[in-house]
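A.B. asks: 17 is the number of the first residue of the sequence shown in this note's numbering; add one for each residue after it.
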Amino acid sequence: MSRTGFGRKTMRDPTFVFELERGREPRIDTVDKLLVKMGHEPVGARFVAEVGAFLAVTGMKRSEFSREVNRNRSFATWLLNGGLPRLGTVDRASAVMARETTPAQREAIRAAVEDGAPAVRVGREDEGEIEMIDDGYMSTEEAAAFLKLSPRTLQAYRGNGKGPPFSRMGNRARYLRSKVAEWAAAREARSTTEADEKEREESAAAAPRDRKNGKDTGKEDGR
């Protein structure tokens with residue numbers, strides 16, 4: 017599809033794509049409209065919910081968060097009252113939330129946004145003791161769906177030691193949700209170079225275990 021055709025079809029504006037390429041930053045409502053036209057879920061409402069949950073879970077003051085995002089002390093209040101930020105501001109706010117949260121806090125925010133759990137304060141001092149909301153054991157299929165991986169990939173990870181920790185119960189593998197979330201959070205990276213470096217380090221650490229313990233026999237049914 018041509019740039020002109022895409023702009024006309026999605027936004028009724030044949031110059032829309034050209035303006036994006038020249039540096040235009042659309043507002044979040046425009047982004048949502050475009051995503052819906054492309055068959056994707058809108059992101060605006062979730063972003064606002066994440067900001068509200070982030071402030072409740074971390075205890076960070078609205079003014080402090082706002083200064084970190086765009087030096088405007090009233091930004092958070094404006095946003096939570098229905099303000100429509102531009103995409104660049106959304107990206108900066110998301111980066112602040114990623115930088116200022118621990119794995120336990122990120123899980124509490126996710127539970128508040130996705131599961132409707134209460135967004136309660138989670139202190140950094142509680143990181144080692146926090147009981148994750150809705151924690152419990154998941155099957156291979158459930159853990160794979162949580163991570164957006166295939167069950168076969170997760171089974172392979174059990175064999176090479178690269179995946180999240182699991183418990184063997186009889187002939188079945190079970191994953192504790194909080195441990196899966198921690199494993200995923202530990203793999204966050206700000207660039208492909210950083211992600212590649214983490215993968216190399218993990219592979220190097222897993223190699224001695226593979227030689228000592230052998231590969232996964234595949235006898236468990238993995239469910």
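Idealized CB from N, CA, C, for every residue including glycine. It should be emphasised that the depicted structure is a prediction, and the values quoted were computed from it without experimental measurement.
Helix, strand or coil for Arg190, going by three-state DSSP, please let me know.
C.D. replies: Along the sequence shown, one-based indexing puts residue 190 at 174. Strand at Arg190.
A.B. asks: Can you give, in chain order, each stretch of the alpha helix (DSSP H) that sits fully within the region 154-204 and has at least 4 residues?
C.D. replies: Counting only runs of 4 or more, we get 156-163, 167-176, 193-201.
A.B. asks: For Arg137, which of helix, strand or coil comes out of DSSP?
C.D. replies: Within the sequence shown, residue 137 is the residue found at index 121, counting from 1. Residue state, collapsed to three classes: coil.
A.B. asks: Does DSSP put Arg40 in a helix, in a strand, or in coil?
C.D. replies: Reading the sequence shown from its first residue, position 24 is the one you call residue 40. Coil, per DSSP.
A.B. asks: Which class does Arg108 belong to by DSSP, given the choice of helix, strand or coil?
C.D. replies: For the purposes of this step, residue 108 is taken as the residue at position 92 of the sequence shown. Reduced to three states, the DSSP call for Arg108 is helix.
A.B. asks: Which of the three DSSP states, helix, strand or coil, is assigned to Arg102?
C.D. replies: Within the sequence shown, numbered from 1, the residue matching residue 102 stands at position 86. It is a strand residue.
A.B. asks: Could you tell me whether the region 122-137 touches the region 192-199, using the rule of 3 or more Cβ pairs below 8 Å?
C.D. replies: Result yes; three or more Cβ-Cβ pairs closer than 8 Å.
A.B. asks: Would Ala135 be called buried (16 or more neighbouring beta carbons within 10 Å of its own) or exposed?
C.D. replies: What you label residue 135 is simply residue 119 of the sequence shown in a count that begins at 1. Ala135 is buried by the Cβ-count criterion.
A.B. asks: Would the beta-carbon of Ala211 be found less than 7 Å away from any heavy atom of the ligand FAD?
C.D. replies: As presented, the structure is devoid of all ligands, the ligand FAD included, so that no description of it is given.
A.B. asks: Classify Gly75 as helix, strand or coil using the three-state DSSP reduction.
C.D. replies: The sequence position of residue 75 within the sequence shown is 59, counting from 1. Of the three classes helix, strand and coil, the one that applies to Gly75 here is coil, per DSSP.
A.B. asks: Note down the Cα distance separating Met148 from Ala127, rounded to an integer number of angstroms.
C.D. replies: Here residue 148 corresponds to residue number 132 of the sequence shown, with the count starting at 1. Here residue 127 corresponds to residue number 111 of the sequence shown, with the count starting at 1. At Met148, the pLDDT of 47 sits below 50, so the modelled position is not reliable and the matter cannot be decided from this model.
A.B. asks: With Val67 and Ala109 assumed to form a contact (beta carbons below 8 Å), what rounded beta-carbon distance in angstroms separates them?
C.D. replies: Within the sequence shown, the letter at position 51 stands for residue 67. Within the sequence shown, the letter at position 93 stands for residue 109. About 6 Å; that satisfies the 8 Å criterion.
A.B. asks: In whole angstroms, what separates the C-alpha of Gly144 from that of Ser155?
C.D. replies: The residue labelled residue 144 in the question sits at position 128 within the sequence shown. The residue labelled residue 155 in the question sits at position 139 within the sequence shown. Model confidence at Gly144 stands at a pLDDT of 47, short of 50, so the residue's coordinates are unreliable and nothing is read from them.
A.B. asks: What residue range is occupied by the uninterrupted alpha helix (DSSP H) comprising Gly21?
C.D. replies: If you number the sequence shown from 1, residue 21 lands on position 5. Note, Gly21: alpha helix (DSSP H), 19-27.
A.B. asks: So is Phe34 buried or exposed if we call it buried at 16+ other beta carbons inside 10 Å?
C.D. replies: As a first step, residue 34 must be located in the sequence shown, where it is residue number 18. Under this definition Phe34 is an exposed residue.
A.B. asks: Would you give the residue range spanned by the alpha helix (DSSP H) that Thr8 belongs to?
C.D. replies: One cannot answer for residue 8 here, as it falls past the ends of the chain, which runs 17 to 239.
A.B. asks: Just to confirm the assignment, what range does the alpha helix (DSSP H) spanning Pro240 have?
C.D. replies: Residue 240 lies beyond the range of the chain shown here (17 to 239); nothing can be said about it.
A.B. asks: Assuming Phe81 contacts Leu71 under a Cβ cut-off of 8 Å, what Cβ separation, rounded to an integer in Å, is found between them?
C.D. replies: In the sequence shown, counting from the first residue as 1, residue 81 sits at position 65. In the sequence shown, counting from the first residue as 1, residue 71 sits at position 55. About 6 Å separates the two Cβ atoms, so the contact holds.
A.B. asks: In the structure shown, what three-state DSSP assignment does Glu116 receive?
C.D. replies: Locating residue 116 in the sequence shown gives position 100, where the first residue counts as 1. The answer is coil: DSSP assigns Glu116 none of H, G, I, E or B.
A.B. asks: State the Cα-Cα distance for the pair Ala92 and Arg78, rounded to the nearest angstrom.
C.D. replies: Start at 1 with the first residue of the sequence shown, and residue 92 comes out as number 76. Start at 1 with the first residue of the sequence shown, and residue 78 comes out as number 62. If you take the alpha carbons of Ala92 and Arg78, they lie about 6 Å apart.
A.B. asks: For Met17, count neighbouring Cβ atoms within 10 angstroms of its own Cβ and tell me buried if that reaches 16, exposed if not.
C.D. replies: Your numbering for residue 17 matches position 1 in the sequence shown. Per the 10 Å Cβ criterion, exposed.
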